[in-house]
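Residue numbers (the numbering used here), protein chains in the order written: chain A, 1 to 456; chain B, 1001 to 1456. Using N, Cα and C, we set each Cβ at its ideal position, and we do this for glycine too.
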């Protein structure tokens, strides 16, 4: 008895040492390949410079669908297909105008942009007095005194939050709901301080929504620097006027697609691991960090496996979701079809936090899956992946949660993300090749481990 | 007896919980202050744009000395003083010329720069055939067949090394010693592939040295992109010629200074904690990451303490070392005077790896000090500081090692450092404000903990 226990322990230890060494070698191979012959940057360069902005419903989005399909077909994945989905079709229209009209200083042009989903001001624009608030509570206290005015939501992202996404979450309600909150009290427009970490000249767009049964008023963002200028002026001159004009319009929903590439599993082909990003972007920049990076990294995971000659046990899918920015229709459609087709997804990993240097992953909420992911930490720490503290996944994969799919999010460093997010500055020159390729390798390493060991 | 043990444990636990909470609060205050009202970026902007390059012995270096003294005096540190030191005085001379002369392709201009310490080619330059090697072993095997030729050292930094400093260490001997190795076999010049992580157009300078009793030949760096071009051409055409010209000269040693600012300790004023960077930079860029960042972060540590009203128990010194790049004279002088004046340094922390997002610290080699630093990990991890794996400090503080001083190095993320290092691109626009200020806060947090608890 005692001997057989010892023998078992010996075998178990030997096996564990063997698989540890095997996993270390596989992960090293992934990183070596990505860092010496990776294609992520080349793909992203192509997507950004030859296609560029790709807002849902736009010609750019349609071109990006074809581009993704072609790229994955050229890499000779087992299958590549399109998944039709209807998407919202909002158009910014010609460039917006914003002007401060000051009794003392005359007229100052400021940088503004329409928020995604807003109506236009009409051709003559809107000129009105400005009331600055930092919160919805403050707005409520002012009540109908804002009637006929432009409400200026000027609460900054909290710079003391170490994770900039936390700071974003603490401020973004102003962009999402500011217009309807202001309209309740009779305001004529909402002007929102850009969701940016830094003081700069570029306004940040992003989605807003109108509450039901509230009058729709235009909603625009103002650059953080000009928000400071306006706020300072309002301290000196209560009756500052603001002129704004935008020409945005929402058209009928338009047809579009999720784009999917797949390597079929050799042992458990019915068990699917998704790795994805979103293909649509805002219209101001090239969608380099948001989320061209996540798309090319997802494709790169499958390409790396093929390149290495790694035959996954489970089916690995790269999914380019359409319409994360202003509707999430692609993510919803993907989950709907997964359920309808009775597909068994065991895990989904999203990269939608930029192509910055890897820090870790958010982990699944299920206790077993979470513990399993965290047990791999020592394999991943040599690559700078040490943060496995937060739970959750990403917007596009979120709708899979009700099907019991383990959701993970790739976590790159967050410090520079909101310098560029949703601006004309989200361009390829803001992406570092090594940082991007380390991210692709990090995702491939995580997919490799899930493929090898599952999450049960 | 039993009761007194329990009582002791109760007190110890309560004290430990109390000091944990106190330390958490102090560290949070440091980060909050740095991220909301930090001055690091403002200082660095000023140093980079109003002074710029500051190679040892240059007018820029002299101006930087005055600048540092003024800045620290304006912050009203307890004492600010200069420490005289003689430094090497090498001058690049007018812009270098590099040309590939190809039978098939004609003449191609390429980007080269003289390496620090090299002699000049003379006014007529040098034209010769090129022999490419990847290692000193390969050169040795070629022996005197390189006589009369230019030896082209073209071993790249290994892209598969996760820490780019490891890749740098694996390649930099070509820059440091290539000229003398080549001269042993009769070569007329050394052309060295730039020490850069990426393929780009800017050549990287950096120090080289001549071995004793070997003929001195000129040593220049070529941009990584042009190194690839030259290497490709050499595969097709054995007799490619290369023309190079530089006008560098080494003058007599020049007088300069370390610049020191101090806050006097309230309990143990004789125990000194140094936090430092080097004030000199190469002459091609603004020395933003290397090492303006380390200088302003060091000053910021003391400023943050004053701003918070924190009275350190021990004496805290910010030291701007002169001449790290091509002589280390400042670091040597500082250690020499510390010994002569019988100063008791308990720790020194250097920031000389760029102003990028913090990752951790290298830890002292002494076992007790190392264990103590690592025991603080849980206090620092919430700020992204999780890497305490490597030992060592930094070049400038290195000479303090023989005095038993615990040496630590601030570890920012390394991925982008060698894109800019020693090039015309090491400029303020490559520095992210939040990343820089997080680094200053990280250093202040470490100094705070050492000040509170010592390292014994």
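DSSP beta-bridge partners of residue 89 of chain A: A:251.
Using the Cα positions of residue 259 of chain A and residue 337 of chain A, report the straight-line distance between them to the nearest angstrom. One C-alpha to the other measures close to 13 Å.
Is it buried or exposed, residue 262 of chain A, if we count other Cβ atoms within 10 angstroms and call 16 or more buried? Buried.
Which whole-angstrom value describes the C-beta separation of residue 1207 of chain B and residue 1325 of chain B, a residue pair presumed to lie in contact below a C-beta threshold of 8 Å? That belief holds up - the Cβ atoms of residue 1207 of chain B and residue 1325 of chain B are roughly 6 Å apart, short of 8 Å.
Would you mind working out which of A:29, A:114, A:345 and A:30 sits nearest residue 283 of chain A, comparing C-alpha positions? Nearest of A:29, A:114, A:345 and A:30 to residue 283 of chain A, Cα basis: A:114.
Listed by chain order, chain A residues near residue 1357 of chain B by CB distance under 8 Å: Residues of chain A whose Cβ lies closer than 8 Å to the Cβ of residue 1357 of chain B are, in chain order, 357, 413 and 415.
Check this for me: beta carbons of residue 55 of chain A and residue 292 of chain A, under 8 Å apart or not? Their beta carbons are not under 8 Å apart, which means residue 55 of chain A does not touch residue 292 of chain A by this criterion.
Assuming residue 420 of chain A and residue 426 of chain A form a contact by the criterion Cβ under 8 Å, report the distance between their Cβ atoms to the nearest whole angstrom. Sure, about 4 Å apart at Cβ, within 8 Å.
Taking three-plus beta-carbon pairs below 8 Å as touching, is the segment 1295–1305 of chain B in contact with the segment 1443–1455 of chain B? Taking one beta carbon from each stretch, the segment 1295–1305 of chain B and the segment 1443–1455 of chain B have 3 or more pairs nearer than 8 Å; the two touch.
Quick one, which of B:1329, B:1275, B:1422 and B:1328 has its alpha-carbon nearest residue 1410 of chain B's? Measuring from the Cα of residue 1410 of chain B, the nearest candidate turns out to be B:1275.
Buried or exposed: where does residue 163 of chain A fall if 16 or more other Cβ atoms within 10 Å of its Cβ makes it buried? Buried, because 16 or more other Cβ atoms sit within 10 Å of the Cβ of residue 163 of chain A.
Alpha-carbon to alpha-carbon, residue 177 of chain A and residue 329 of chain A: If I take the Cα positions, the gap works out to 20 Å.
Report yes if the C-beta distance between residue 237 of chain A and residue 223 of chain A is below 8 Å; otherwise report no. Their beta carbons are not under 8 Å apart, which means residue 237 of chain A does not touch residue 223 of chain A by this criterion.
Pull out every residue of the segment 152–180 of chain A whose Cβ sits closer than 7 Å to any Cβ of chain B, in chain order. Of all residues in the segment 152–180 of chain A, those with a C-beta nearer than 7 Å to a C-beta of chain B are 159, 160 and 162, reading in chain order.
Quick one: Cα of residue 69 of chain A to Cα of residue 82 of chain A, how far? One Cα belongs to residue 69 of chain A, the other to residue 82 of chain A, and the distance between them is close to 8 Å.
Mind listing the chain A neighbours of residue 1432 of chain B? Cutoff is C-beta to C-beta under 8 Å, in chain order. Here the neighbours are 415, 416 and 419.
By the 8 Å beta-carbon criterion, what residues does the segment 1374–1392 of chain B contribute toward chain A? With the criterion set as a beta carbon lying under 8 Å from some beta carbon of chain A, the members of the segment 1374–1392 of chain B are 1382, 1383, 1384, 1386 and 1387, in sequence order.
Can you name the start and end residues of the beta strand (DSSP E) that residue 382 of chain A belongs to? DSSP places residue 382 of chain A in no beta strand (DSSP E); its state is neither H nor E.
Excluding sequence positions up to five away, which residues of its chain have a Cβ less than 7 Å from the Cβ of residue 1331 of chain B? In the same chain as residue 1331 of chain B, and ignoring 5 residues on each side of it, the C-beta atoms closer than 7 Å to its own belong to 1321, 1324, 1395, 1396, 1397, 1398 and 1399, in chain order.
Taking the alpha-carbon of residue 1183 of chain B as reference, which of B:1058, B:1156, B:1145 and B:1039 has the nearest alpha-carbon? Checked all of B:1058, B:1156, B:1145 and B:1039; the closest Cα to residue 1183 of chain B is B:1145.
So what's residue 421 of chain A in DSSP terms, helix, strand or just coil? DSSP places residue 421 of chain A in coil when its eight states are reduced to three.
Secondary structure of residue 1035 of chain B, DSSP reduced to three states: Residue state, collapsed to three classes: helix.
For residue 1245 of chain B, the three-state DSSP class (helix, strand or coil): In this structure, residue 1245 of chain B counts as strand in the three-state DSSP scheme.
Amino acids of chain D, ordered along the chain, whose beta-carbon sits closer than 9 Å to that of residue 435 of chain A: The question asks about chain D, but that chain is absent: this structure's protein chains are A and B.
Report yes or no: is there a C-beta of chain A within less than 8 Å of the C-beta of residue 1035 of chain B? Interface flag for residue 1035 of chain B against chain A is set, since a Cβ pair is found closer than 8 Å.
Does the Cβ of residue 251 of chain A have 16 or more other Cβ atoms within 10 Å, making it buried, or fewer, making it exposed? Of the other Cβ atoms in all chains shown, fewer than 16 fall within 10 Å of the Cβ of residue 251 of chain A; this residue is therefore exposed.
Using DSSP with H/G/I as helix, E/B as strand and the rest coil, what is residue 70 of chain A? In the three-state reduction of the DSSP assignment, residue 70 of chain A falls in the helix class, which pools H, G and I.
In angstroms with no decimal places, state the Cα-to-Cα distance between residue 1335 of chain B and residue 1375 of chain B. Distance between the alpha carbons of residue 1335 of chain B and residue 1375 of chain B: 28 Å.
Assuming the contact rule is C-beta atoms closer than 8 Å, residue 438 of chain A and residue 358 of chain A should be a hit. Round their C-beta distance to whole Å, please. In this structure, residue 438 of chain A and residue 358 of chain A form a Cβ contact; the two beta carbons are roughly 5 Å apart against a cut-off of 8 Å.
For residue 269 of chain A, which three-state DSSP category applies? In this structure, residue 269 of chain A counts as strand in the three-state DSSP scheme.
Three-state secondary structure (DSSP) of residue 1275 of chain B: Of the three classes helix, strand and coil, the one that applies to residue 1275 of chain B here is strand, per DSSP.
In the segment 1276–1308 of chain B, which residues sit with their C-beta less than 8 Å from some C-beta in chain A, listed in chain order? Answer set for the segment 1276–1308 of chain B: empty.
Using beta-carbon positions only, say whether residue 1102 of chain B and residue 1240 of chain B come within less than 8 Å of one another. In contact: residue 1102 of chain B and residue 1240 of chain B (Cβ atoms closer than 8 Å).
Give me the Cα-Cα distance between residue 314 of chain A and residue 1022 of chain B, rounded to the nearest whole angstrom. Using only the alpha carbons, I get a separation of about 50 Å.
Which same chain residues, not among the five before or five after residue 1384 of chain B, have their C-beta less than 6 Å away from its C-beta? Result list for residue 1384 of chain B: 1358, in chain order.
Out of A:371, A:94, A:319 and A:301, which has the shortest C-alpha to C-alpha gap to residue 65 of chain A? The option with the nearest alpha carbon to residue 65 of chain A is A:319.
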